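The structure appears right after this line, and notes come after that.
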Amino acid sequence: MGADGTPRADEPEGNVRAGRLLAAWSGVLAAALTLGVGQLVAGIVSPSAAPLVVVGDAVVDRVPAPVKEWAIRSFGTSDKTVLLAGTAVLLALLAAGAGLLARRRLRAGVAVVAALGAVGVVAAATRPDATVLTPLPSLLGTLAGASALTLLVRRVPATPDPARRALLLGGTGAAAALTGGGGQVLVSARSAELSRDGVVLPAPADPAPALPAGLDPAAEVADGLTRYATRTADFYRIDTALVVPDLRAEDWSLRVHGMVDRELTLDFASLLAKPLRERWVTLTCVSNEVGGDYVGNARWLGYPVADLLAEVGVRAGADMVYATSTDGFTLSAPLAELTDGRDALLAVGMNGAPLPREHGFPVRLVVPGLYGYVSACKWVVDLELTTFAAKTAYWTDRGWAERGPVKTASRIDVPRGSATVRRGRVPVAGVAWAQHRGISRVEVRVDEGEWQPARVLPSASADTWCQWVFDWDAQETGTHTLQVRATDGTGTPQTDVVAAPIPDGASGHPSVSVVVQ
Ligand SMILES: Nc1nc2c(c(=O)[nH]1)N[C@H]1C(S)=C(S)[C@@H](COP(=O)(O)O)O[C@H]1N2
Ligand SMILES: [Mo]
């Protein structure tokens, strides 16, 4: 090793290997410090400005729609964890490479770190919620990382004393952990969670009507049958947000503008002061597969969208409400459905509590009968009255249908597919939904035989799903196929035409195979 730390051509093999390893390590530690300092600065500036978050969000927004759908299908709700973990592994590899490169050519190695940092800075600066401060975490993190890499690559190989080497490397690692951990503490301290803890929801001026007799929202009618009321913690979550937007109720405001007579800006306190309505509404995702569980039923509290629109005075010609969330997500909701008398709500409460952060705290939209991607904007901060001719939104730009009425659907929850059941009386049960049209009939058939009526349990209204139960007299042993179909309140049965979720929702008869013994 030369005195300046550069490797010599005649260096012994073992030293070269050790030198490479140290250099790769130096790169990884420098990257860790970059993220740590970035997190610390983000804790001061804004949690959503952390380097991994801005880059991750930029990736999520730019990957082609089929890749995104594949990720949601393959990893379900853990798609975000997988993405973050994948990014961390990729980053560690790149950082190790930068360290190795820096061992030979310091400038080149530092240039790689700078280039990675630049990705963060650009991703931060182009965020929909960007301010002049948003790129700061990536910028300062990169400066710290580049300095650390320079220091380590110069000093570590030149330091003969192993204890001092360990101090240099360990010190960088410790600095990364301290800044990262400190940043995390700051992030949680200023988070919306605290704000949510402080929210006291008013009693609804128009409470949800009493549930019909025979409907126990928490009961599992048959063993394993989905409850009528989905627990908040079990409610499916679908959104494009890599990290849940950190929007405090105190900082929230909603602008209603566009084709209106009187533009309006509403803050959270004023929203809570309005007469609020509470209703059971079942929400469904358009990407739900036949038999899938991207559907849930909750009691929502909110201000009727129709009343809000009456306040601003919608101008003739408008046919769409373009909703924007604080993180830049957009959706196009049809004005007709928002104002036809159904309980479309600007919601603040879910199941008697403020909206959970993952479900849109502090304010979201909930519209019975429309898939979430054209109605249920979470973290909503802007409503523009406009036309379908003038604007397209996040998912409609990615090939999904402009209109998204919920298709009549049903699901068999009991018995589970591939289950083995005893000969004799077998309860078959599940849920069915056709929000705003309601369910009038549910039928089951065995091995493609005659459709036989199932017992449909009562529900709060046509805007929610219902549970159904069918007593199957299973006499023949062997494998059998059970199928279900629902008929909506207009008398139209669920179609047997098999369709994939894209562009306007999956269809087909759900079926499960079971073995009778
Ligand atoms: N801001 C925002 N709102 C959003 C989305 C989103 O990605 N971002 N996804 C929509 C979709 S596709 C669905 S199905 C519902 C899901 O709401 P949930 O996560 O509360 O179940 O939210 C809708 N609102
Ligand atoms: Mo969705």
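Here the sequence shown is numbered in UniProt numbering, starting from 1 and rising by one per residue.
Glycine residues also receive a C-beta, built at the ideal position from the N, C-alpha and C atoms.
Quantities reported herein were computed from a predicted structural model and do not represent experimental measurements.
The UniProt domain "Oxidoreductase molybdopterin-binding" (243 to 392) is shown to contain whole alpha helix (DSSP H) runs of 4 or more residues at 268 to 272, 305 to 312 and 335 to 338, in chain order. Sorting V59, G352 and L331 by C-alpha distance to the C-alpha of W379 places L331 at the top.
The alpha-carbon of D307 is positioned some 10 Å away from that of A344. Secondary structure of T34 (DSSP, three-state): helix. Shown here for V421: same chain residues with a beta carbon closer than 8 Å to its own, the five before and five after excluded, namely P415, A474, V514, V515, V516 and Q517 in chain order. Distances from the CA of R425 to each of A389, G296 and F470 were compared; the closest alpha carbon is that of F470. Nearest Cα to L254 within the set G120, A58, T326 and S74: T326. Annotation: the segment 102 to 157 contains the following complete segments of the alpha helix (DSSP H) (minimum length 4 residues), in chain order: 106 to 125. Boundaries of the beta strand (DSSP E) harbouring A486: G478 to D488, taken from the DSSP string.
In chain order, the residues that have a beta carbon nearer than 7 Å to some heavy atom of ligand 2 are I238, C285, V286, S287, Y294, Y371, G372 and Y373.
Each of V321, A166, Q39 and P356 was checked against the Cα of V260, and the nearest Cα belongs to V321. Straight-line spacing of the CA atoms in W25 and V45 works out to 30 Å. Taking a C-beta distance under 8 Å as the contact criterion, L33 and A123 do not qualify as a contact pair.
DSSP places V444 within a strand segment (E or B) once states are collapsed to three. Judged by the Cβ position, D327 qualifies as a neighbour of ligand 1 at the 7 Å threshold, a heavy atom of the ligand being closer than this. Where G508 is concerned, there is no enclosing beta strand (DSSP E), because DSSP gives it neither an H nor an E. Taken from the Cβ of L283, at least one heavy atom of ligand 1 lies inside 7 Å. Contact check for A499 against S507 passes: the beta carbons are separated by less than 8 Å. Under the three-state reduction of DSSP output, W433 falls in the strand class. Taking C-beta separations shorter than 6 Å and ignoring five residues to either side along the sequence, the partners of L40 in its chain run T179, G182 and G183, following chain order. Rounded to the nearest whole angstrom, the C-alpha separation of N351 and A192 is 19 Å.
A direct Cα-Cα distance of roughly 11 Å separates T339 from A333. The shortest C-alpha to C-alpha distance from V121 to any of P51, A462 and D239 is the one to P51. Counting along the chain, D471 sits inside the beta strand (DSSP E) bounded by residues C466 to A474. Around V244, the same chain offers R357 and E358 as residues with beta carbons nearer than 6 Å, after the five sequence neighbours per side are excluded.
Rounded to the nearest whole angstrom, the C-alpha separation of W468 and T487 is 12 Å. Going by C-alpha positions, R262 is about 33 Å away from L133.
Under DSSP, D206 forms a beta bridge with R277. Here P51 carries a helix assignment [DSSP, helix/strand/coil]. Residues of the same chain with a CB within less than 8 Å of the CB of L100, apart from the 5 flanking positions on each side, are R20, A23, A24, G27 and G109 in chain order. Between ligand 1 and G360, a heavy atom-to-CB distance of less than 7 Å is present. The distance from the Cβ of W252 to that of V367 is about 20 Å, inconsistent with a contact at the 8 Å cut-off. Between the beta-carbon of A434 and that of G489 there is about 7 Å, and that keeps the pair under the 8 Å contact cut.
Distance check between V60 and each of R437, P47 and T81 places T81 closest, using alpha-carbon atoms only. If you check the C-beta of W252 against ligand 1, you find no heavy atom less than 7 Å away. Restricted to the segment 158 to 197, the alpha helix (DSSP H) segments that are unbroken, complete and at least 4 residues in length are 162 to 189 and 192 to 197, listed in chain order.
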